Every structure is written in C-alpha cells, then in structure tokens.
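In this note's numbering, the protein residues as written are 3 to 121. These notes are about the structure you will find just below.
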Amino acid sequence: STRSFELGSSLAYPPRIDYGQLSTLQEKFLSSVTSDVTQLELRFNLTKQWRTHFSNLCIQIGYPYLEARDWVASLEEMERRASSAEEMIRKARRQRMGLALQTDGGSSASSNVFIGGVQ
C-alpha cells in the first residue's frame, strides 16, 4: 500500500505569527516542568533548536554577516554552560544524599539497619 500527496495552493499571505506570544508560551511551558534537570535540558535543547533554525534561515537568504567560527564558539559556550549547570545539580544531589546518610545513620537508626557498611 502506498500513499501519495499533492501540494495544494499555498496561502496568498502566510499566517501572522505573534513571536512575543510564542516566547511567552514557551516560558510558561518550561516553568510548568517540575524537575529542574528536565527543565534545564528542555531549555537548552529549545534554545539550540531556535539558534540552529535562525542560522539555517540566515544561510538560506544569504545573510552576509553570519560568522561560522563565532557560531560554533557560541554553541560550544552554550554546551559548556549546560554541562556546568548539570554538574551543579549533581553536586547538590550528592550533598543532599550525604546529609540524608548522616541523618539516617545517626543514633535514630534501628540496630538492624546498615548504612555504608556500618550498623
């Protein structure tokens, strides 16, 4: 079974896009994500997608001031910042786990509970 598609007539005027509203909706969506890690990852990937889309548009229309070296450097900086943010989250998580182990491993723990090999 195969499917075929035909291109219809294009709109005489493309639909008007309210970029301010699009940006607001994107921010509201990101704010609705409860996990900090997921929110950071989504924000990073959305930003990267928009930047790539903008770069491709500039290339398609022949924009003369797009510097490839600067573009790559900015992407590397974005990835460095994202990696740094993820490391901060990991560090905070490890710190919370360490505090929990100290609290749980104190005198309040049952004699049958082993934490870190210590009874």
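All residues carry an ideal CB built from backbone N, CA and C; glycine is no exception. If you're wondering where the values come from, they're calculated on a predicted model, not measured in any experiment.
As a quick exercise: from the options, pick the residue whose alpha carbon is nearest that of residue i.
i: Asp-38; options: Thr-4, Glu-88, Arg-96, Leu-59; result: Glu-88
i: Gln-28; options: Tyr-65, Leu-77, Gln-51, Leu-103; result: Gln-51
i: Glu-79; options: Arg-98, Arg-53, Thr-26; result: Arg-53
i: Trp-73; options: Ser-57, Thr-36, Ser-25; result: Ser-57
Spatial neighbours of residue i within its chain, please: CB distance less than 7 Å, with the 5 preceding and 5 following residues excluded, ordered by chain position.
i: Leu-32; result: Gln-41, Leu-44, Arg-45
i: Gly-64; result: none
Looking at the structure shown, is residue i part of a helix, part of a strand, or coil, going by DSSP?
i: Gly-1; result: Given a span of 3 to 121 for the chain in the structure shown, any question on residue 1 remains unanswerable.
i: Thr-105; result: helix
i: Ser-37; result: coil
i: Gln-121; result: The predicted model places Gln-121 with a pLDDT of 49, which falls under 50 and marks its position as unreliable, so this point remains unresolved.
i: Ser-86; result: helix
i: Thr-49; result: helix
i: Glu-79; result: helix
i: Gly-100; result: helix
i: Arg-5; result: coil
Would you call residue i buried or exposed, if buried means 16 or more other Cβ atoms sit within 10 Å of its Cβ?
i: Gln-121; result: Any reading at Gln-121 must be qualified, since the residue scores a pLDDT of 49, below 50, and its modelled position is unreliable; the value itself is stated next. Answer is exposed; the Cβ neighbour count stays below 16.
Got a sec? Which residues, its chain only, sit under 8 Å from residue i by beta carbon, not counting five neighbours each side?
i: Leu-48; result: Gln-28, Leu-32
i: Gly-22; result: none
Under 6 Å Cβ to Cβ from residue i, same chain only, skipping five residues before and after it: list those, please.
i: Lys-30; result: none
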